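Numbering (this note's numbering), first residue to last: 5 to 168.
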């Protein structure tokens, strides 16, 4: 009996603009990582705001594919902030966070924004490394900002990237 060979299938991903129809999937992804996850209704309301925009990473060639990760941002008066970013646990370490942040940065360059801000948990070392690789620098700290059931409270690092 010959052994069956299943060739390795390399998955590719693409980034597209978020739509209100994504709200349910966004809430499910957010639930994986946040102590106080946002609801489907909260995502729907945010996506309806004119100043809010975002992007979803989806698997190429998968019809009707739900987002594997997403980023949501807001821009006002030439400055922008990342509201939230999440990548599903099953899709980590594939460059999706970088792809999503790159999409935001390209959008903001096209809009001629001056700076992008974000907050990140001081214990989220992979995210901090990504943001530093993208040119962000720490400009502030919010003590005891995040609450973790198992480990207590941790600070948020406030990071900034100049875009001009």
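Just so it is clear, CB atoms sit at the ideal spot from N, CA and C, and this is done for glycine as well. A quick note: this is a predicted structure, and the numbers were derived from the prediction, not measured.
Quiz item: Going by the beta-carbon positions, is the gap between residue 73 and residue 90 smaller than 8 Å?
Solution: To locate residue 73, count along the chain shown from 1; it is residue 69. To locate residue 90, count along the chain shown from 1; it is residue 86. For residue 73 and residue 90, yes; Cβs fall inside 8 Å.
Self-check item: Assigned secondary structure, residue 88 (DSSP; H/G/I helix, E/B strand, else coil)
Solution: The count along the chain shown starts at 1 and reaches residue 88 at position 84. Here residue 88 sits in strand by DSSP.
Exercise. Determine the direct distance from the alpha carbon of residue 37 to that of residue 148, and round the result to whole angstroms.
Key: Working through the chain shown from its first residue, we reach residue 148 at position 144. Working through the chain shown from its first residue, we reach residue 37 at position 33. The straight-line gap from Cα to Cα measures roughly 18 Å.
Quiz item: Which term fits residue 150, buried or exposed, when burial requires 16 or more other beta carbons within 10 angstroms of its beta carbon?
Solution: For the purposes of this step, residue 150 is taken as the residue at position 146 of the chain shown. Its Cβ being crowded by 16 or more others within 10 Å, residue 150 is buried.
Practice problem: Give the straight-line distance between the Cα atoms of residue 107 and residue 18, rounded to the nearest whole angstrom. | Solution: Your numbering for residue 107 matches position 103 in the chain shown. Your numbering for residue 18 matches position 14 in the chain shown. When rounded, the distance between both Cα atoms is 10 Å.
Quiz item: Exposed or buried, which one is residue 75 when buried takes at least 16 other CB atoms within 10 Å?
Solution: Taking the first residue of the chain shown as position 1, residue 75 is located at position 71. By the 10 Å Cβ count, residue 75 comes out buried.
Quiz item: In the structure shown, what three-state DSSP assignment does residue 170 receive?
Solution: The shown model of the chain, from 5 to 168, leaves out residue 170, and the question about it has no answer.
Quiz item: Relative to the C-alpha of residue 64, which residue among 100, 141 and 45 is closest?
Solution: Sequence index remark: in the chain shown, residue 64 carries index 60 (1-based). Of the listed residues, the one whose Cα sits closest to residue 64 is 100.
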